[in-house]
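Student: In this text, residue positions in the sequence shown follow this note's numbering: the first is 4, and each later residue adds one.
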Amino acid sequence: MISLVWDNRFKRELKKFISKHPEMESKIRDELEVFVENPFAPELINHKLSGKLRDLRAIVVDYDCRIVFKFVEKDCALLIGIGSHDEVY
């Protein structure tokens with residue numbers, strides 16, 4: 004089990020994303036619960052990013068919803084951004 008730290012940018016982006024896609028709120032919550040239990044669960048498609056985001060990772064919440072994060076410790080992840088593929092990459 005890992006703990007989550009919510010970056011201020013993530014909080015703003017989450018609020019904005021949910022206001023545009025209210026149907027995704029429960030899906031995001033569910034996927035974050037899976038992430039806390041097992042950040043490498045196959046359904047999350049946890050992957051390293053490249054280029055200017057090379058120090059970060061992302062999980063797939065839905066077809067066009069990603070959460071960008073960074074492991075700050077072995078059992079702690081900093082949530083950095085959320086949005087569509089084009090918005091976060």
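Even glycine gets a Cβ: it sits at the ideal position worked out from N, Cα and C.
Owing to the predicted nature of the structure, the values given are computational and were not obtained by experimental measurement.
Could you tell me the distance, in whole angstroms, from the CA atom of residue 26 to the CA atom of residue 18?
Tutor: Cα to Cα, the separation comes out at about 13 Å.
Student: When DSSP builds the beta bridges, which residues end up paired with residue 7?
Tutor: Paired residues: 80.
Student: Measure from the alpha carbon of residue 69 to the alpha carbon of each residue in 92, 56 and 53, then state which is nearest.
Tutor: Measuring from the Cα of residue 69, the nearest candidate turns out to be 92.
Student: Excluding five sequence neighbours on each side, which residues of the same chain lie with their C-beta closer than 7 Å to the C-beta of residue 21?
Tutor: 27 and 28, listed in sequence order.
Student: Who are the near neighbours of residue 37 in its chain, counting only those whose CB is closer than 8 Å to its CB and skipping five residues on each side?
Tutor: Cβ within range, chain order: 44, 46 and 47.
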